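Here is the structure we will look at.
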Amino acid sequence: MAGSQNTAQAKAEQLQEGVRILNSRLRSVVMARQAELLAQADRLREAESAMQGINLVVESLAVALRRVRGEVGGPHAALRTQTAQLANLHATLDLLRHLIHRLKLVAKLRALLAAAPGEGVAAPGALDLAKAARLLADVADISAEADLSNLDAAAADEDLLRSADQQVRAQAEAVLRGGMEALNQAEMGSALQVYFNLRELPQAVAAAVDAHAGEVERALGGALDPRRLAPAAGGSRGAAAVAGPGGAKLGDIVWQRLGKALEALHSAAVAVWHLQRVLARKRDPLSHVLFAEEVARAGEPQPLERFWAAVTRALMAGLATAANPARGGLVREALAAHFPRLAQLLEDALGRLARDTQVKGVPAAVSDAEARAVLAAAAPFQNSYLAAALARMTDAVSAAFPGGARALPTSAELQKCIGRMHEELKAVGDSTRLAAQVAACAGKALRLLADKAEYMTATGPDLRSVAGACTGAQARNIALCGQLTEVHRSLATLLPRLMPPAAASLAGPLEAVQGVAVEAVVPLFRAAVEAAEGALLRMHQQDFEGEAAPDVAAPSPYMAELAHLLSHFRAEYLNKFSPAATAAVPSIAGALVERMASRVLVFFVRHASLLRPLGSAGKLQLAQDMAELEAAVGQSLAPVEALGGPHRVLRAFRPLLFLDTRTLAGSPLLATLPPSVALSHLFSRAPPGLQSPHQRSGFTPAQYSLWLDQHGPEEVTKYVRSALEACAPAARGQPGFDDVFPLMLRLCSPGQT
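This is the structure we're talking about:
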């Protein structure tokens, strides 16, 4: 215990010692900074003195403010009271002004109503509706600007205003409805002026359009709703009733009501069209605001746009319901079975509407986009009809042309396939849009036919041999070409009677069928042409240089070979075509025969012009060969007179052979001949130093002929001109040079090609 106290005492002594040391140090610090502390104390005394001065000033200000408040408070309270009284007086005067103005307007309205001989809508022309509407609108504006509901003078007129408003609205509605029904634009303008004065023009226009669209919607519902049709059909039930008397009766009712609905659509659309015309021309006589702009400013669509949007929705909904297997019932069966009639009705209605509203400078009542939207509403029935039509046609094609190496179709199968396409194309009637769509389906069927026929075409190396008898593969392709020709001919005869869009849809597929028919037999014709060209090329092995008169009773060996070849081709191949492969009978094979005949004539003239040198006897022999050529081509291929240009070239080349060189420049025969033929023949009259272009280039006649087939007239004349210019120095001065060289240069000039 004593140790604890000693310890505490020791601690206390330590603390006291620390305090003494701290005091000592503080004293030393204070003594060291005594001057600074005294300066701070002086500044504190000065601040305290300044604060006392400020307090005196503040107290003085407070006294002054209390004195001012006492002096100003009374006048301010009086001024505030007077301001409130003035505001109340101003409000009262404004209220009185509005009330007086309202009373004057009501008095004018009362006088206007009193001047009318009758009330209500019995005599819509008796009351000046536009003026009454403006008065009512002005009264409504006053009521919106000032609250007069608590004033007895204003309340006393409420019944009159309510009655007048009802009367004006009823008569305006009657006038607008009557004007739209009678298509009287003057009445519509008067009624629209009333609604403009009432500040309700956009709403009135929308209501009028909706009313007419509603009439069309109800008519469509009556035609397409099976529940509304069943009582009229005498209680027919079930899809099977379509084929019976009840179904037939229902079908008649469907088409009758649908026709009436489209008549209602026509009438309503024309009425809305006239309404839109009035809006586009009518202006308010005071503000000169165009009514159409007033409707647009309110964010409302144009009347026809609003009308067609509503009608299209109604038609889509009605047809979608009718197409529903669970809800469509007999209506679905009737429309699906005779969809072309539905399409025709819609197109006729739209076309008639466009014609009846065709006025210069004014858009028709239905635009192309709106017409497409209306027609697209029938998509459920249209798609199913097109799918069924395509299936029927493709089934007929697959039955006739199974593809592969199977037997070719019989005549009955072929006619059944063609007949099915004819039936489908004729079933659409005069419906332009549906005709184009069905024609597109027929085009798909024709392309399928072309693909299958291509797989049925025989192949093999013997197809390109025409030296012997017709092989089985060649006979198969000839028969297939005839069948495809019949398909092409039969459907091509329909094209002039179809609408342009439908004809355009068939043109490409028919070309595909024609292409397969051509490819089936073109190896035969290529082989025949090559054989004919090979025979004609042998004219270059014959001597045409002689001057003595030869025995021209017999043709040249190459011409006899050509005549035999063409006769064999006619007997062994062309006679197997059905229809006959002649130019006189329009057919695919006939066109190929005509092309072959033209090629033979062109090829003969080309190589006859290359003969060099050519003596008098050679010219006579060549003329005899031309006569034999005409006879051979005419008997075996086609009448040469029907070949046009190639025959004219042949006929012009014959007299050219016997013309004197000096008279050639003025001969009209040069204009008939191609420049390449005329130039080649002139080389036969030129001196030897003027080499022929193909000889100078080292071409054989066959190679040069191939080069001519691959190049145009301009390239040929440039090629000949380069040869002339290259050989001219060596040939100049030789006999005959001056007679032909200038003429050949002229024929090589650009204006002569």
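Be aware that the sequence shown starts at 2, since it is given in our numbering, and climbs by one per residue. Glycine included, C-beta positions come from ideal geometry on N, C-alpha and C. Values in this document were obtained by computation on a predicted structure and should not be read as measured data.
Taking one beta carbon from each stretch, the segment 398-408 and the segment 335-345 have fewer than 3 pairs nearer than 8 Å; the two do not touch. Taking a contact to require three or more Cβ pairs closer than 8 Å, the segment 534-542 and the segment 557-574 qualify as touching. Short of 8 Å from the beta carbon of residue 530, and not among the five residues preceding or following it, lie these beta carbons of its own chain, in chain order: 597, 600 and 601. CA-CA distance, residue 533 to residue 456, rounds to 30 Å. Just measuring C-alpha positions, the residue of 452, 542, 459 and 467 sitting nearest residue 516 is 452. According to DSSP, residue pairing for residue 363 in a beta bridge involves 360. Of all alpha-carbon atoms in 522, 319, 376 and 643, the one lying nearest the alpha-carbon of residue 481 is that of 522. Buried is the label assigned to residue 308, since at least 16 other Cβ atoms lie within 10 Å of its Cβ.
Burial check for residue 701: the Cβ neighbour count within 10 Å stays below 16, so the residue is exposed.
Here the C-alpha atom of residue 486 lies approximately 10 Å from the C-alpha atom of residue 493. Taking a contact to require three or more Cβ pairs closer than 8 Å, the segment 624-641 and the segment 701-715 do not qualify as touching. For residue 418, the enclosing alpha helix (DSSP H) stretches over residues 412-428.
In this chain, residue 578 is not harboured by any alpha helix (DSSP H), its DSSP state being neither H nor E. Judged by DSSP in its simplified three-state form, residue 28 adopts helix. In the DSSP assignment, residue 665 falls outside any alpha helix (DSSP H), carrying neither H nor E. Around the CB of residue 161, fewer than 16 other CB atoms lie within 10 Å, so the residue is classed as exposed.
For residue 489 and residue 416, the gap between their C-alpha atoms comes out near 12 Å. In terms of Cβ geometry, residue 140 and residue 169 do not form a close pair [threshold 8 Å]. Excluding sequence positions up to five before and after residue 675, its CB lies within less than 8 Å of the CB of 650 and 714, all in the same chain and listed in chain order. CA-CA distance, residue 165 to residue 362, rounds to 40 Å. With distances taken between CA atoms, residue 727 lies nearest to 691 out of 573, 17, 691 and 748.
The C-beta distance from residue 319 to residue 225 rounds to 4 Å, short enough to fall under 8 Å. Assignment of residue 291 by DSSP, reduced to helix, strand and coil, places it in the strand class. Considering only 359, 371 and 621, the residue with the shortest C-alpha distance to residue 311 is 371. Leaving aside the five residues that flank residue 570 on each side, the residues in its chain whose CB is nearer than 7 Å to its CB run, in chain order, 467, 529 and 637. Within the same chain, 705 come within 6 Å of residue 695 by CB-CB distance, once the 5 residues on both sides are set aside. The C-beta distance from residue 477 to residue 409 rounds to 7 Å, short enough to meet the 8 Å contact threshold. Contact check between the segment 287-298 and the segment 378-392: fewer than three CB pairs, one atom from each, fall below 8 Å, which does not count as touching.
Closest in alpha carbon position to residue 102, among 78, 142 and 130, is 142. Annotation: the continuous alpha helix (DSSP H) that includes residue 475 extends over 473-493.
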